[in-house]
Amino acid sequence: MGTKGASVLPPVILLGGTANALSVAWTLRRRGIAVYALAPSTAPIRYSRYSRWISVRENGDPQGAWMEWLLGGGGAALEGAVLLPCGDDGVELTARNRTRLAARFRLIEGNDEILLAMLDKASTYALAARVGVPAPAACPARTLPEALAAAERVGYPCALKPRYSHRLQRFFKAKLFVVTSREHLCSVFEQVQAHGLDMLVTEIIPGGDDRFCSYYTYLDDRLKPLFHFTKRKLRQYPNGFGTGTYHISDWNPEVARLGLRFFQGVGLSGFGNVEFKRDPRDNELKLIECNPRFTLLHEMVQICGIDLSLLVYNRLTDRPLPTVGEYRRGVRFLVLREDFYAFREARGRGELSWTRWLRSLLHWQHFLYFRWSDPWPATVLASWYLRDQVRRRLWGVFARRRSGLPRGLRDGDHRA
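In this note's numbering, the protein residues as written are 58 to 473.
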C-alpha cells in the first residue's frame, strides 16, 4: 500500500457503501491516494487497512451527521477532497447540497434533478415511459385506499415497493414486500405507514433470477459514454426479489443499447447503472431500478479490466483518463453465504438440487469482501455471522427449556 505522491493527490472521502466502498479504497489507495470513509460503524470499510474510517454520531440520520462533519472542522482539514457516494444517502446528500459542498470539495458530475429522480422509483418509471423504455406497471400508494385500488388494477400477487429504497432500509431489511391478498396488503402497509414511507404498488415481472441483467457506463457532459459493461445475475436472495448472490460478466448489446437509450434520453451524466429483467410474456427487457453511483458489484467491473474508480477520480480531478478497452467476460462473483441461502430456498421449491448448485460453483470465483492484502473486513463480517448463529442457537435452547418442548418439536407440531 504505497503512499508515494499521496501528499499531492487530492484525497477521497467515501460516503456510505459496503463492498463497493472497499473496492474503491483498494484501487485508489494503491495508487497513493488517501482514502477516508464516512460510513456506519458496522460498515466493512471501517476495518480496511486501505482507508481511514471517520466516526460521527449515529442517530438514524446519516446525511445530517455527514453534513455536520463535512462542513465542520473535520471537513475543513480535507478541503479539496473528492466526495464519492457509495450509497443512495451519499447521492441524495450531494444532490441536495451541491452549492454548499462544492465550496469545499470536488463533487460527482450530474444534473441534480436527474440524480434525485434516479433515487425515486416513481420518477424513474415516469422518465422511462417518457423515453420509451419499458418498465413494470406501477401506481402510487400514499394511503391504504390508494394502495388497495392500485393492487386491484395491477393484480395479486404484486409488489409493495418504496419510492426511496434507502429510506425503507433504515427500518426494514427487505427491499420490497410481495403481497398476495387484500388482507396481506393491509397488514404490510400499516407497518410501512408507521414510518412515513412513500410506497408504490407494482406488478411482478415473472421468470427466474437469471433474467436480471445490468448495464454500466459513464457519460461525459455531452452524454457520450466512456465505456460499456454488462453483466447478469445467476441467483439472488431472497429468490425473485433480493440482492444478487451469484453474478457473471457478459456482453449483451441489447441491454447496452436500451440502457444507453434510457440514460441519454433522461439526460443523466456521470456514472450510471440500470437493471432490467426480461419478461417471458413478451420477451421485452423491463427496467427495474437505476443507480447513479458505484454499486455493490463495483469490484466486478474492476476485476474485468475497467478501472472505474480511477476513471471517476481522474475525471473529477482533471487528470488523464485511464484507457478503457475490451473487458473480460465470463468472470464470476459469488457471495457464498447468501448464495447458499438462495440455493436452499430454491431447493425447497424443487427448482435446484445439491448437485446442480455445487456444479454451478465449479468455476474460478471472485469474492466481494475478501482480499489477501486486506483480510479484516471479511474476517469481521464472518465473526459477526458466527456470533449471531451462536446467539440464535442458545436462545433456541433456552426457549425450548422454558416451554418444556423436546428438541425439534414446535408449537404447531402438537397433536390432540
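Glycine is no exception: its CB is placed at the ideal position from the N, C-alpha and C atoms.
This one's a predicted model, so the numbers in the text were calculated from it and none came from an experiment.
Under the criterion of beta carbons closer than 8 Å, Ser-180 and Trp-433 do not qualify as touching, at roughly 39 Å. Secondary structure of Leu-128 (DSSP, three-state): coil. Cβ contact annotation for Tyr-398 (same chain, cutoff 6 Å, sequence separation greater than five): Tyr-294, in chain order. Taking the CA atoms as reference points, Phe-228 sits about 8 Å from His-252.
Under the three-state reduction of DSSP, Ser-271 is assigned to strand. Spatial neighbours of Pro-263 in its own chain (CB-CB distance under 8 Å, excluding positions within 5 residues in sequence) are listed in chain order as Asp-336, Pro-337, Arg-338.
Spatial neighbours of Thr-75 in its own chain (CB-CB distance under 7 Å, excluding positions within 5 residues in sequence) are listed in chain order as Ala-100, Pro-101, Leu-353. Distance from the CA of Val-188 to the CA of Glu-170, rounded to the nearest whole angstrom, comes to 17 Å.
Partner residues in the beta bridge of Ala-94, as assigned by DSSP, are Leu-71, Trp-110.
Nearest neighbour of Arg-239 by Cα position, chosen from Leu-217, Met-175, Ala-231, Thr-151, turns out to be Leu-217. Secondary structure at Asp-396: helix, using DSSP grouped into helix, strand and coil. Excluding residues up to 5 positions away in sequence, Asn-296, Leu-409 lie with their Cβ nearer than 7 Å to the Cβ of Ala-403 in the same chain. Boundaries of the alpha helix (DSSP H) around Cys-243: 239-250. Counting the other CB atoms within 10 Å of its CB gives Phe-269 a total of 16 or more, which places it among the buried residues. Thr-259 has Ala-195, Ala-216 as its beta-bridge partners, per DSSP.
With a beta-carbon spacing of about 15 Å, Val-381 and Leu-317 fall beyond the 8 Å limit used to define contacts.
Taking C-beta separations shorter than 7 Å and ignoring five residues to either side along the sequence, the partners of Leu-128 in its chain run Arg-157, following chain order. Here Ile-165 carries a coil assignment [DSSP, helix/strand/coil].
Uninterrupted beta strand (DSSP E) stretches at least 3 residues long and entirely within the segment 317-405 occur at 327-335, 342-348, 389-391, given in chain order.
Relative to the Cα of Arg-88, the nearest Cα in the group Ser-366, Arg-448, Pro-191, Pro-142 belongs to Ser-366. Burial of Asp-364 is indicated by the presence of at least 16 other C-beta atoms within 10 angstroms of its C-beta.
For the set Gly-322, Asn-340, Val-323, Glu-346, the Cα lying nearest the Cα of Asn-330 is the one of Glu-346. Taking a cut-off of 8 Å on C-beta distances, the segment 119-137 does not touch the segment 75-85, as fewer than three cross pairs fall below it. Check the Cα spacing between Thr-259 and each of Glu-203, Tyr-272, Arg-224: the tightest is with Glu-203. Note: Ile-305 is bridge-paired with Arg-289, Arg-389 in the DSSP secondary-structure output. Partner residues in the beta bridge of His-423, as assigned by DSSP, are Phe-390.
Arg-459 sits in a helix when the DSSP states are folded into three classes. Inclusion of Lys-290 and Pro-191 in the CB contact set at 7 Å is not warranted, their separation being larger than that value. DSSP places Leu-184 inside the alpha helix (DSSP H), whose first and last residues are 178-187.
The Cβ neighbour count for Lys-334, taken over all protein chains shown within 10 Å, is at least 16; the residue is labelled buried.
DSSP, reduced to helix, strand and coil, places Thr-200 outside both helices and strands of the structure shown, so it counts as coil.
When beta bridges are read from the DSSP output, Leu-141 appears opposite Leu-71. Annotation: Val-65 is outside any alpha helix (DSSP H) and is labelled neither H nor E by DSSP.
Taking Leu-368 as the centre and dropping the five residues before and after it, the same chain places the C-beta of Tyr-275, Leu-283, Phe-284, Leu-378, Pro-379, Val-381 closer than 8 Å to its C-beta, in chain order. The alpha-carbon of Ala-133 is positioned some 24 Å away from that of Gly-117. In this structure, Gly-324 keeps its C-beta atom at 7 Å or more from the C-beta atom of Ile-165.
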